[in-house]
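Counting along the sequence shown from 1, when you hit position 94 you're at 93 in the numbering used here, and nothing is skipped either side. Before any comments, here is the structure.
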Amino acid sequence: MSKKIIIAIDGFSSCGKSTMAKALAKKLNYNFIDTGAMYRAITLYFIRNNVHLDNETSVATALENIHLHFEFNPLTEKSDIVLNDEHVEQYIREMTIAQKVSEVAAIKAVRVFAVKQQQQMGKKKGIVMDGRDIGTVVFPHAELKIFMTADIAVRVKRRFMEMEGQGQHINLEDVMHNLQMRDYIDSNREESPLRQAEDARVLDNSDMTQEEQLKLAMKWVEETLANVYSDQK
Ligand code: DC
């Protein structure tokens, strides 16, 4: 039996969850799933098709017409989200999506739709998944749960640099406002709000390099593997 586990990474917006998840997946030869991309792609579909978020029937019909899957991109070494056969990575990172996604992700039907697919993807283990409810709702029995956090000033700077890098020019105040708004909605919604799972390990990376974070997370992975498979030689 191969020694594989599920690694659930949760935390606030722009804490470096995806960077960490991607690095861990590469090191362990696991699949990496960015669940935020799923909620962003659903939001893109809703905007394009003018779906009214408070109309349950419209939301349900729209979800029936949404087909999501991931395809590995060798250039970025991560899986890109595909919405109904269209590669939409470049569109889902835009500010128009960031401004609406938390509202969309708070809808129960949307969460049921996304969580079902996420649970399916983790059936064979060997997966690193990042999001807001992975250790609490999607995989409450994940062998390793990491809750990432960082100072808001550090997160704003990171998001700002990321957006500049993508050619999106936006001011720091707007980035700060968007992160604070999303953190608030994500943490206070009725349906599976962002929470730190009781058995999660907390990683505050405000003053850590990516190498230091990866080293610490790998130490946790090794401890977890040793514990989970301690009865097997
Ligand atoms: O990780 P991200 O910033 O790309 O996520 C976009 C939004 O999606 C975030 O504001 C909250 C929502 N989300 C969620 O509710 N549950 C998840 N598992 C992942 C993301």
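C-beta atoms are modelled at their ideal positions from N, C-alpha and C, and glycine is treated no differently. All values derive from a computational prediction rather than experimental measurement.
DSSP places ASP185 in the uninterrupted alpha helix (DSSP H) bounded by 171-187. In the three-state scheme derived from DSSP, where H, G and I count as helix and E and B as strand, ASN226 is classed as helix. Counting the other Cβ atoms within 10 Å of the Cβ of ASN49 gives fewer than 16, which makes it exposed. Distance check between ALA40 and each of ARG92, GLN118 and ILE8 places ARG92 closest, using alpha-carbon atoms only. Here LEU202 has ILE145 and MET147 as same chain residues with Cβ atoms under 6 Å from its own Cβ, once five neighbours each way along the sequence are excluded. By the beta-carbon neighbour count (other beta carbons within 10 angstroms, threshold 16), TYR38 is buried. Inclusion of THR223 and LEU143 in the CB contact set at 7 Å is warranted, their separation being smaller than that value. When DSSP states are grouped into helix, strand and coil, ALA141 belongs to the coil group.
Between the alpha carbons of ILE106 and PRO192 lies a distance of about 11 Å. Of the candidates LEU27, ARG188 and ALA152, ALA152 places its Cα closest to the Cα of LEU171. The residue from ILE96, ALA61, ASN187 and THR75 with its alpha-carbon nearest to that of ASN83 is ALA61. In summary, ALA108 is exposed, with fewer than 16 beta-carbon neighbours lying within 10 Å of its beta-carbon over all protein chains present.
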